[in-house]
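A short write-up of the structure that comes next.
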Ligand SMILES: Nc1ncnc2c1ncn2[C@@H]1O[C@H](COP(=O)(O)OP(=O)(O)OP(=O)(O)O)[C@@H](O)[C@H]1O
Ligand SMILES: [Mg+2]
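Okay, structure coming up:
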């Protein structure tokens, strides 16, 4: 209990420091940067009616956020559906590993945004191209961690499968997957983190809808308050996504 | 045999070689008939592991015949190759030389006729106690409904007094409890050969004693038909349980130092046998075999450092 109160105290003081620095910065820039108070009032204004939809260029913050999350969900979902099985294959077969490893090593450091034109060329629609970018983004961390998890199943656990004659299917479902779950989830957690980073940039590029577009649109409308609000929201949502996966991670970690 | 004799003579081979050939042929023909009750036959086996520093030979030229229904204890210093030997019989470790016959068949891999208790329990940490045993039973026993298999799991968990803990994960168990789960798992598949690698090592003296009795009880219930090989560091345990105690030399390239018979009547009573002169003799002998090694090692070490 005491610990909880303490961590709350830390949280509040942390934000107090942030807001004071922000206040100072806005005073120094003579109001170029909106003050925290002004931003907060805009923030609450925005959340008074978050789901209004007044045409293509005028949507509530809730709608924008929802659309971005939907893209991330689809892209991340598809990416994971590709990355996990492929990771299992790479991790359990030396030849597949040797063939695919160089490819992964070359593609992994490429900024996901570089794929955007390719997506656009293939899909012709910027919405789908954005999702395509998220798919690519979500691939690498999951792929690499899944492969690592699968390749490092402890010998003791493999021995159980051998000694008692587990079928291939039982081996995969009762030994291989549970044993690599912690690392698979680590991969997913990293992936969703990067996906959330990238969606903002991708939507600035693609335009139309989404939280990234909202940031760009607010900047064009010279509403830095809205930009600041969006930054806060993006941060909070990112935190929530990460928390979700860290809970999952705890759930699937076992004491031996 | 007559015709064989003639043929051999016809080829004019020297008599010594001739009789050896005869012996070998006779062995091949009569061997299995004479020894139908041979459960495990370790034939001149050597096991080497490739390591970073080159090939490491763990055990060498091991010859060991174990009859059906026999209880054999393996004893030897840490790292001498006891687990390796067990792994060979179970089929988990491939011999680099020689072969192992179990239940009349050449061992080429693990099989449900051989139940293993691993030295480090090897329970799956994400499965409950019940599931750990159930999955093994489900894999090893091909016939029967899932209700029947669940019944088997229940019986075996009750046998090791863990039925109350069936829904716990291994991480929530004590070392001794984990060991009992591993024992129940090996028993549950009802193998004709039980390979127990220090099965009672993590148990306190009381639990250990009752597990000894349980083990012998099960062995008796099964008309003493199960062959049991167990690794132990405990001389008393070895004598109490075993018909023979196999003492291994120190590695590398460990060989069998001596096989000591334990001609004590069964059922044995723990309290009484310790006063039996035969027991005391065997105990002294084993002590000598094991400690002797120590002193020789010590002298060698001293020589090396000197
Ligand atoms: N997979 C392996 N690769 C390389 N060396 C191995 C391997 N398995 C065992 N060894 C070596 O073989 C030797 C015998 O090991 P083993 O586990 O059989 O000993 P042990 O008699 O069971 O010892 P303990 O009583 O400590 O359990 C050791 O020196 C060990 O380092
Ligand atoms: Mg061992």
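Protein chains in written order, with the UniProt record's numbering: chain A, 1 to 256; chain B, 1 to 306.
The C-beta atom is built at its ideal place from N, Cα and C for all residues, glycine as well.
Check: Length of the line joining the Cα atoms of residue 95 of chain A and residue 87 of chain A; Outcome: 13 Å
Check: Residue 127 of chain B - DSSP class collapsed to helix/strand/coil; Outcome: coil
Check: Any chain A beta carbon closer than 7 Å to residue 83 of chain B; Outcome: no
Check: Residue 96 of chain B CB to nearest heavy atom of ligand 1 below 6 Å; Outcome: no
Check: For residue 171 of chain B: DSSP bridge partner residues; Outcome: Its beta-bridge partners do not exist; DSSP assigns none.
Check: Proximal chain B residues relative to residue 160 of chain A, where beta-carbon distance stays under 7 Å; Outcome: 122, 124
Check: Simplified DSSP state of residue 99 of chain B, which is helix, strand or coil; Outcome: strand
Check: Short-range partners of chain A found in the stretch 92-104 of chain B, where Cβ spacing is below 7 Å; Outcome: 92
Check: Between the CA atoms of residue 21 of chain A and residue 33 of chain A - distance to the nearest angstrom; Outcome: 12 Å
Check: Neighbour flag for residue 254 of chain A against chain B, beta carbons, 7 Å; Outcome: yes
Check: Validate contact between the stretch 147-163 of chain B and the stretch 97-114 of chain B using beta carbons, cut 8 Å, 3 pairs; Outcome: no
Check: Three CB pairs or more closer than 8 Å across the stretch 55-62 of chain B and the stretch 77-96 of chain B; Outcome: yes
Check: Cβ distance (whole Å) where residue 137 of chain B is taken to contact residue 189 of chain B below 8 Å; Outcome: 6 Å
Check: Amino acids of chain A, ordered along the chain, whose beta-carbon sits closer than 8 Å to that of residue 135 of chain B; Outcome: 164, 166, 170, 174
Check: Residue range of the beta strand (DSSP E) that includes residue 49 of chain B; Outcome: 38-51
Check: Under 7 Å between C-beta atoms of residue 193 of chain A and residue 203 of chain A; Outcome: no
Check: Proximity test, Cβ basis, 7 Å: residue 182 of chain A and chain B; Outcome: no
Check: Those runs of the beta strand (DSSP E) which lie wholly inside the stretch 166-245 of chain B and span at least 3 residues; Outcome: 193-197, 227-231
Check: Three-pair Cβ contact test at 8 Å for the stretch 117-128 of chain B versus the stretch 174-192 of chain A; Outcome: yes
Check: Inter-residue spacing [alpha-carbon to alpha-carbon] between residue 239 of chain A and residue 139 of chain A; Outcome: 21 Å
Check: Residue 80 of chain B Cβ short of 6 Å to ligand 1 heavy atom set; Outcome: yes
Check: Simplified DSSP assignment, three categories, for residue 266 of chain B; Outcome: coil
Check: Min CB distance residue 250 of chain A to chain B below 7 Å; Outcome: no
Check: Interface flag, residue 188 of chain B vs chain A, CB-CB below 7 Å; Outcome: no
Check: Ligand 2 heavy atom lying under 6 Å from the CB of residue 145 of chain B; Outcome: no
Check: heavy atom of ligand 2 below 6 Å from residue 119 of chain B C-beta; Outcome: yes
Check: Cβ of residue 139 of chain B within 7 Å of any chain A Cβ; Outcome: yes
Check: Residue 255 of chain B: first and last residue of the uninterrupted beta strand (DSSP E) it sits in; Outcome: Per DSSP, residue 255 of chain B belongs to no beta strand (DSSP E) and is neither H nor E.
Check: Endpoints, the beta strand (DSSP E) within which residue 67 of chain B is located; Outcome: 54-67
Check: Ligand 2 heavy atom lying under 6 Å from the CB of residue 122 of chain B; Outcome: no
Check: Residue-level contact to chain A via CB, residue 116 of chain B, 7 Å cutoff; Outcome: yes
Check: C-beta atoms of residue 82 of chain B and residue 91 of chain B nearer than 7 Å; Outcome: no
Check: Residue 115 of chain B - DSSP class collapsed to helix/strand/coil; Outcome: strand
Check: Cβ distance (whole Å) where residue 255 of chain A is taken to contact residue 171 of chain B below 8 Å; Outcome: 3 Å
Check: Contact set between the stretch 169-181 of chain B and chain A, restricted to residues whose Cβ is under 8 Å from the partner; Outcome: 169, 170, 171, 172
Check: Cβ neighbour criterion (16 or more within 10 Å) applied to residue 249 of chain B; Outcome: buried
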